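A short worksheet on the structure shown next.
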Amino acid sequence: MAASLVSYSEKERKDLLLKIYGRMLKRFGQRNWWPGETQFEVCVGAVLTQNTAWKNVEKAIANLKQSGKLDLESILNIDIDELALLIRPAGYFRLKARRLKSLVEYLYKRGGRKLSKIRDVQTQQLRAELLAVWGIGPETADSILLYAFERPVFVVDAYTKRIFSRMGLISREADYEEVRTFFENNLPERLQLFNDYHAQIVATGHNYCSPKPRCEECPLEDLCPKLIWRQE
DNA sequence: GACCAGGCACATC
DNA sequence: GATGTGCATGGT
């Protein structure tokens, strides 16, 4: 369970996580995530963005909107090949068509047309159920929990692992659950903070911390010990 | 033309 | 339980 590479006291760790957030917030401003108009659209976007640039997801969502299919019952009833063609710009389209179907079948069974019954389900229970849905892994489940159902879970993605392992705060080998609990244990449990923190990480990762990083303009530059990540 | 992007399931060792 | 592979489009 050695999630962190450099050893910090608990207080140092917590202060640093907040300081990092402050830097990103100053650079990008409040992100107001997730980019989606409805709860259902957030769920769809969460699947479509799996290993895919958001730009491509936007095209797929626009296709769904344009054809009037961006609602639970439409996805439930649409022919799978037709669905695949609509979401084609998002990549892995045949695969994602099946994943969307499987998610929507679960949501409908569990929450009804308006997803209203899901409000009463405890977070840990809901998380376990989402993870049991075929095609829904930990990141997709947590994105849905946080951004569609407003539950305080921390979303971990490729950028999170890259940025925070390069900073020496988590190990490169840390798995999803390790990283998630690292953040959940070291940040105040506030919905709005979890929401915007992940959004800031994506903005930072997208702009500055790709495999080929651009550290000079990164808001975290002076906090990031390059000796560590240059060995990766 | 190579590399990358807000993963996940499944096969194989 | 670790590691490898298929899935696919679109931007840089």
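The first sequence begins at -8 in the numbering used here and counts up by one. Backbone N, C-alpha and C fix where the C-beta goes; we use that ideal spot for every residue, glycine too. These numbers come from a predicted model, not from an experiment.
Remark: C-beta atoms of Val147 and Glu130 approach each other more closely than 8 Å. Secondary structure note for Ile71: its alpha helix (DSSP H) is the uninterrupted segment Ile71 to Leu77. A contact is defined here as three or more CB-CB pairs under 8 Å, and the stretch 113 to 129 fails this definition with respect to the stretch 58 to 70. According to the DSSP assignment, Met158 belongs to no alpha helix (DSSP H), since it is labelled neither H nor E. Scanning the stretch 148 to 219 for uninterrupted alpha helix (DSSP H) segments of 4 residues or longer gives 149 to 157, 167 to 177 and 182 to 199, listed from N- to C-terminal end.
By the C-beta density criterion, Ile71 is exposed, having fewer than 16 other C-beta atoms within 10 angstroms. In this structure, the alpha-carbon of Trp25 lies about 6 Å from that of Tyr138. Under the three-state reduction of DSSP output, Lys108 falls in the helix class.
Judged by DSSP secondary structure, Glu49 falls within the alpha helix (DSSP H) whose first and last residues are Trp45 to Gln57.
The distance from the Cβ of Pro143 to that of Arg110 is about 15 Å, inconsistent with a contact at the 8 Å cut-off. One alpha carbon belongs to Ser134, the other to Arg221, and they sit about 30 Å apart. A residue is called buried when at least 16 other Cβ atoms come within 10 angstroms of its Cβ; Pro202 does not meet this threshold and is exposed. Collapsing the DSSP output to three states places Tyr(-1) in coil. As the crow flies, the alpha-carbon of Phe185 is around 29 Å from that of Tyr83.
Pairwise C-beta distances place the stretch 186 to 195 in contact with the stretch 14 to 29, as three or more of them are shorter than 8 Å. The three-state secondary structure of Val146, taken from DSSP, is coil.
Closest option to Leu9, judged by alpha-carbon separation, among Gly102, Pro179, Ser156 and Ala88: Pro179.
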